[in-house]
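Here this note's numbering is used: the first residue of the sequence shown is 1053, the next is one more, and so on.
Reviewing the structure listed below.
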Amino acid sequence: MGKTSLTLSIAGCFGLDIYTINLSSIDNNDLRNLFANLSGHCVILLEDVEIVNSSSPEMASLTTLLDVVDGVEDGQVLIMTTCHVKLVDSALLQASRVDVKTEFCLADKETIARLFWFAFEQKAADPLAHEFTSKVSELEFSPAEILSFLIENRRSPKEAVDNVAA
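Printed below as a string of structure tokens:
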């Protein structure tokens, strides 16, 4: 499961709207206005939160981001994403602002096999799962990338194995 899948699952489970905010394309005023006009119960997906360290005047500042994050109301789920957690300002990651931190790692052999079984019926796919797993490099692809490949090759497990570039 990836960041997007997690967000969709949470929203679907609780029947919430999703507001996706890309911080690389929003300024301080727009960010404040968006948060002021959110519906009561919703999921707020803030993507690429490390970008607020930029000094660009066209983008939201860390101060504004901290203000709006601190104003998230009961019934609103805030999800912040980054591909570079070391670049995220520590003020944004304080325990008073972040309840749970989850790292989405690249797929290991077990994850690759589980995705293969998920994409195809486990019993039908079992003989080919090992072969597929041996052809896909461990810790090189995200689970989302592997699942996307399997969906593209969903006609048969054999086709998926044959189409892997070893």
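Quick reminder that beta carbons are idealized off the backbone N, C-alpha and C, glycines included.
Nothing here was measured: the structure is a model prediction, and the numbers come from that model.
Are the CB atoms of residue j and residue i within a distance shorter than 7 angstroms?
| i | j | result |
| --- | --- | --- |
| residue 1101 | residue 1063 | no |
| residue 1098 | residue 1078 | no |
| residue 1075 | residue 1103 | yes |
| residue 1112 | residue 1080 | yes |
| residue 1124 | residue 1130 | yes |
Going by beta carbon distance, what residues of the same chain come within less than 6 angstroms of residue i, once the five residues before and after it are set aside?
| i | result |
| --- | --- |
| residue 1199 | 1167 |
| residue 1149 | 1121 |
| residue 1190 | 1160 and 1161 |
Pull the bridge partners of residue i from the DSSP assignment, please.
| i | result |
| --- | --- |
| residue 1094 | 1069 and 1128 |
| residue 1074 | 1099 |
Hey, residue i and residue j are a contact pair by Cβ (cut 8 angstroms); roughly how many whole angstroms apart?
| i | j | result |
| --- | --- | --- |
| residue 1216 | residue 1184 | 7 angstroms |
| residue 1084 | residue 1116 | 6 angstroms |
| residue 1156 | residue 1067 | With 8 angstroms as the limit, residue 1156 and residue 1067 do not qualify as a contact, their Cβ atoms being about 24 angstroms apart. |
Return the first residue and the last residue of the alpha helix (DSSP H) that residue i is part of.
| i | result |
| --- | --- |
| residue 1113 | Per DSSP, residue 1113 belongs to no alpha helix (DSSP H) and is neither H nor E. |
| residue 1213 | 1209 to 1214 |
| residue 1163 | 1161 to 1171 |
I'd like the list of long-range same chain contacts for residue i, defined as Cβ closer than 7 angstroms, with 5 residues on each side in sequence excluded.
| i | result |
| --- | --- |
| residue 1193 | 1158 and 1159 |
| residue 1163 | 1195 |
| residue 1202 | 1167, 1168, 1171 and 1212 |
| residue 1180 | 1209, 1210 and 1213 |
Between residue i and the rest of its own chain, which residues show a CB-CB distance below 8 angstroms, the 5 nearest in sequence each way excluded?
| i | result |
| --- | --- |
| residue 1218 | In this prediction, residue 1218 scores a pLDDT of 49, lower than 50, which makes its location untrustworthy; the coordinate-derived value is nonetheless stated afterwards. Correct list, in chain order: 1187. |
| residue 1091 | 1069 |
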